[in-house]
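Position in the sequence shown (first residue = 1) + 23 = my numbering. Ideal placement from N, C-alpha and C gives every residue a C-beta, glycine not left out. Source: prediction; values computed, not measured. Step one of this worksheet: look at the structure below.
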Amino acid sequence: MLNAPNNVVEVKHPLLQHKLSLMRDKKTRSVIFRALMKEAGMILGVEATKELKSYEKNISTPLEDMSATFLKEPEPAVVSILRAGNGLLEGLLQILPSAAVGFLGMSRDHDTLKPIDYYQNLPANMADRSVIIVDPMLATAGSGIEATRLVKDAGATTITFVCLLAAPEGIKKFNESHPDVRLVTGSIDRQLNEKGYILPGLGDAGDRIYGT
Ligand code: PRP
Ligand code: URA
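Here it is as structure tokens:
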């Protein structure tokens, strides 16, 4: 059992937990799994965006003037770790439709479990944006650590990493590498198996989203 550090948030909202339970069930098919991933992305996104900076501006409602709250510009960036990150990205974009979007192509070598970078496309002005990195699975954390390094190299300093499931081993490693990054997850699961899969987990997230 992990004593989660302060910058790790496990979202225990019953709606999210209900959706997660459906996703864990091996009988849940891709079309439903994908829809649930998007909905989970919306709920996780609400927690992930909790600390976005805002400002006050005077507006007039039909009844009176008031000081109203707006999000500061530039818009946040959501960075998806391909492929499976795109499942959560859909949900994030529902609540942050004007976010800038970046992609980092990364696949985990089945033998070494190390991430292999194959594509990078990040928005401009990363230093000025709040950045939310999305990937449903933080297992050994190799992919998450590397993606966060690339985002920092592009200038970002305010970063939140969002995943649906995290293994205690991965959280520990991620935190050692990036103690300044807030981690939002739907569940801290029990452990990794010998092949680097999260237990009890939900299997291979990319395969389950895209039916491969
Ligand atoms: C999965 C997942 C993460 C990574 C997590 O991607 O989406 O990116 O594994 O494992 P780690 O924490 O041990 O690095 P995968 O490499 O299977 O690629 P895919 O999204 O294209 O299926
Ligand atoms: N990647 C996945 O998709 N699932 C796991 O359990 C671990 C890594």
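Applying the 10 Å Cβ sphere with the 16-neighbour rule, what's the burial state of residue i?
| i | result |
| --- | --- |
| H36 | exposed |
| M89 | exposed |
| R152 | buried |
| N216 | exposed |
| P85 | exposed |
| K95 | exposed |
| G234 | exposed |
| V204 | buried |
| Q184 | According to the sequence provided, residue 184 is Phe. The question's Gln does not apply to it. Buried: at least 16 other Cβ atoms inside 10 Å. |
| H201 | buried |
| L38 | exposed |
Run through DSSP, which three-state label would residue i get?
| i | result |
| --- | --- |
| G64 | helix |
| P247 | It is not possible to answer for residue 247, since the shown part of the chain is limited to 24 through 235. |
| K80 | strand |
| G226 | coil |
| S166 | helix |
| T171 | helix |
| E33 | strand |
| V204 | coil |
Give me the Cα-Cα distance between residue i and residue j, rounded to the nearest whole angstrom.
| i | j | result |
| --- | --- | --- |
| I139 | M129 | 5 Å |
| G114 | T180 | 23 Å |
| G68 | E62 | 10 Å |
| F56 | G178 | 34 Å |
| S103 | I155 | 9 Å |
| V157 | E87 | 40 Å |
| D176 | I182 | 12 Å |
| A58 | N81 | 38 Å |
Going by alpha carbons, who is nearest to residue i out of the options?
| i | options | result |
| --- | --- | --- |
| T171 | E192, P191, A162, F197 | F197 |
| P159 | M65, D134, P146, Y78 | M65 |
| A228 | K42, G110, N144 | G110 |
| R213 | L222, L145, V207 | L222 |
| L119 | V101, A91, D134 | V101 |
| P99 | A123, L173, K175, Y78 | A123 |
| I211 | F126, A150, D230, T163 | T163 |
| A147 | Y141, L136, D134, F126 | F126 |
| P28 | D230, G219, V207, L187 | V207 |
| R131 | Y142, T51, G165 | G165 |
| P191 | Y220, Q117, E169 | Y220 |
| E74 | L161, F93, K49 | F93 |
| V32 | D134, E70, L161 | E70 |
| K76 | Q117, P97, Q143, L225 | P97 |
| Y141 | L173, V157, M149, L112 | L173 |
| G224 | Y78, A150, G108, L187 | L187 |
| A189 | A91, G167, L45 | G167 |
At a cut-off of 7 Å, would you count residue i as near the ligand NAD, judging by its Cβ distance to the nearest heavy atom?
| i | result |
| --- | --- |
| M160 | Judged by which ligands are present, the ligand NAD is missing from the structure shown, whose ligands are the ligand PRP and the ligand URA. |
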